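Let me begin by presenting the structure, written as structure tokens, before commenting on it.
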Amino acid sequence: MNRNITLILFFILGQVIFAQHKRTNYTSAKKITLKECLQIVVANNTILKAADADIDIARAQLGQAKSGLYPRLTLESKLIATDEPPNFIFPAFKMDVGKFNLGTIAFDVPPIDVPEQNIKLADQLSAFSNINLIYPLFTGGKISSLIDQATSNIHLTQNEAEDKKNKLLVNVATLYSALILSKTIYNLADDFDERMQVTLNLTKEMYETGSGSVTKLDYLKNKLLVESIRGIKFELQNKFSETEITLKYLLDIDNNTELVPADDSLSIELNNYDAENLMLIFNKQNPTNKKIFNAQSIFKSKLNEAQSGYLPSVGLFGGYQRIDNSYKYGMVTKENKNSFMVGIGLQFPIFEGFYTDAKVEEIEAGIRKLEFEKELFNKTSLFLINRLLNDLSNSYSIIESSKEAMFTAEENLALTKRAYQNDLADVSEFIQSQMFSTITKIIYNIRKFEYLTKNYQLKLVTGESLL
């Protein structure tokens, strides 16, 4: 038991000594409250900025989906130069004139031979310009389903951003509480270090003067404890700095700045939560629950999109063509140089190898899977809520018990100190009473920290934001 206590104190005092060593490297200090930490992380954290960019992407995708509601108007223009003017070879033929009638005289006219003719259609250089219009009149619900998918995807990315924000806030609140805990432990350990030094000096004086029952062995045990505590300080440097470095990383604060919590101690209050009310909050606010709902909406819209494959697509199309050519005969007459056309087109899938059937089956299976995942998530969340409620209730009872133990240990220290000074207790009893006094205070604060972190976890499960 005493060995375990000593190891705990080694760890605590190692953190304390390193804190004293580390603070000399700071160039500035920033006193900060928990609310300020939460506001800073929401404003500065890169993860949340990336999540906002995801929302912008989803909104742009909605704009792309809505473009299907509008007509598509395209302009195409090209300049063509040929090595020779385009032509048409009219083949040679015989033209039968028939009989020639001059009243009372009629005679046969022999066939006339018409030679092969090379007809020029246009000049070598031509400019073609086309304006084409396509407007969907009916797509079987495909366009509207794409719009619904994009709309639900915006909500889903917003849910993801909210989930990331809640997790970050819980992490920051936990780290902030850990800083306060470290500060409290520092003060307790510093007080213990001073007590041990006084005890060492007193033991040394009593041993050297030969007064009381203090032996050389008692003095050496005390000295060994003090020196051992100081000897491990550099081994614990990295462990102590992790919390502050991580918090500054999340807050985007320079490493040369010391974070000083504005709160001197961890404060808690008993929360009378009710599982039923917490489930109502969960159903309304939990981001993951919302994500599943929006994912279901996306799959239902995908199903509508797939089922549109059974229906025809009808569209209106039109166009205008202009030909610029210096020639005015052949194929580039005045009438041919400017032409308009308009029509209605229909596309109906007759057979696609059962592709649409398979696509519909795939999406229906995905919808069923989401239903099972939602059921599992709700059951798991209810389990976590009940477990955390039980943990919080037990944790608060442990806090009250630790508080009583702390008062008892402090009273025992005062009595043992007087007994030691009056030679009614040996040095080991005095050292042990000091250890217990410090340890019970540390345990009391650790229990408060555990209560706070469980409370943060409960808020994370229900989706209730800390800010």
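Quick note on the numbering used here: the sequence shown kicks off at 1 and runs consecutively. The beta-carbon is built from N, C-alpha and C at its ideal position, and this holds for glycine as well. As the structure is a prediction and not an experimental result, all values here were calculated from the model.
CB-CB length for residue i against residue j, believed under 8 Å
i    : j    : result
E373 : I292 : 6 Å
N256 : T74  : The pair is not a contact, with the Cβ atoms about 59 Å apart (cut-off 8 Å).
P349 : G319 : That belief does not hold up - the Cβ atoms of P349 and G319 are roughly 25 Å apart, past 8 Å.
K469 : Y456 : No statement about residue 469 is possible, as the shown extent of the chain runs from 1 to 467 and does not include it.
K99  : D108 : 6 Å
E116 : P91  : 6 Å
Neighbourhood of residue i by C-beta distance below 8 Å, restricted to the same chain and skipping five residues each side
i    : result
P287 : N159, E160, E162, D163, N166 and G463
T325 : With the sequence shown as reference, residue 325 is identified as Asn, and Thr is not the correct amino acid for it. Only A122, D123, L125, S126, A127, V332 and K337 meet the Cβ criterion.
Y451 : I268, L392, S395, Y396 and I399
I55  : I154, T157, Q158 and A161
6 Å CB neighbourhood of residue i in its chain, flanking five on each side removed
i    : result
N338 : R322
L392 : K454
P110 : none
V260 : A29 and K31
G68  : I143
K290 : N159
M196 : V226
G343 : F317
F88  : I119 and L121
F430 : T416 and Y420
Residue i classed as buried or exposed, judged by whether at least 16 other C-beta atoms fall within 10 angstroms
i    : result
K31  : exposed
L460 : buried
S381 : buried
I439 : buried
Q434 : buried
T408 : exposed
E244 : buried
T157 : buried
F282 : buried
L38  : buried
D357 : exposed
S301 : buried
L168 : buried
I180 : buried
For residue i, the residue or residues it bridges with in DSSP
i    : result
D324 : A127
I443 : Paired residue(s): none; I443 is not in a bridge.
R387 : According to DSSP, R387 bridges with nothing at all.
G315 : P136 and G345
I147 : None, per the DSSP bridge assignment.
S28  : T257
I55  : In the DSSP output, where bridge partners are listed per residue, I55 has none listed.
R418 : Beta-bridge pairing links R418 to no other residue.
Same chain only: Cβ atoms within 7 Å of residue i, ignoring 5 sequence neighbours per side
i    : result
Y556 : Within the shown structure, residues of the chain are numbered from 1 to 467, placing residue 556 beyond reach of any answer.
Q61  : A150 and N153
L79  : A127
L424 : none
K441 : L188 and M406
Q20  : Caution is warranted here: a pLDDT of 48 is assigned to Q20, below 50, making its placement in the model unreliable, and no coordinate value can be reported.
G366 : F299
Test: residue i CB closer than 7 Å to a CB of chain B
i    : result
V332 : Going by chain labels, chain B is absent from the structure shown, which holds only one protein chain.
For a minimum of 4 consecutive residues, which ranges assigned as the alpha helix (DSSP H) are wholly contained in the segment 109-134? Entirely contained in the segment 109-134, not one alpha helix (DSSP H) run reaches 4 residues.
Which runs of the beta strand (DSSP E) at least 3 residues long sit entirely within the segment 250-287? Give them in chain order. Listed in chain order, they are 257-261.
Scan the segment 74-101 and note each continuous alpha helix (DSSP H) run of 4 residues or more that stays entirely inside, going in chain order. For the segment 74-101, not a single whole alpha helix (DSSP H) run of length 4 or above is found.
Which ranges would you report for the alpha helix (DSSP H) in the segment 327-413 if only whole runs of at least 4 residues count? Unbroken alpha helix (DSSP H) runs of no fewer than 4 residues, entirely contained in the segment 327-413, are found at 334-337, following chain order.
Starting from the N-terminal side, write out each stretch of the beta strand (DSSP E) that is 3 residues or longer and does not extend beyond the segment 175-231. Counting whole runs of 3 or more residues, the segment 175-231 contains no beta strand (DSSP E) stretch at all.
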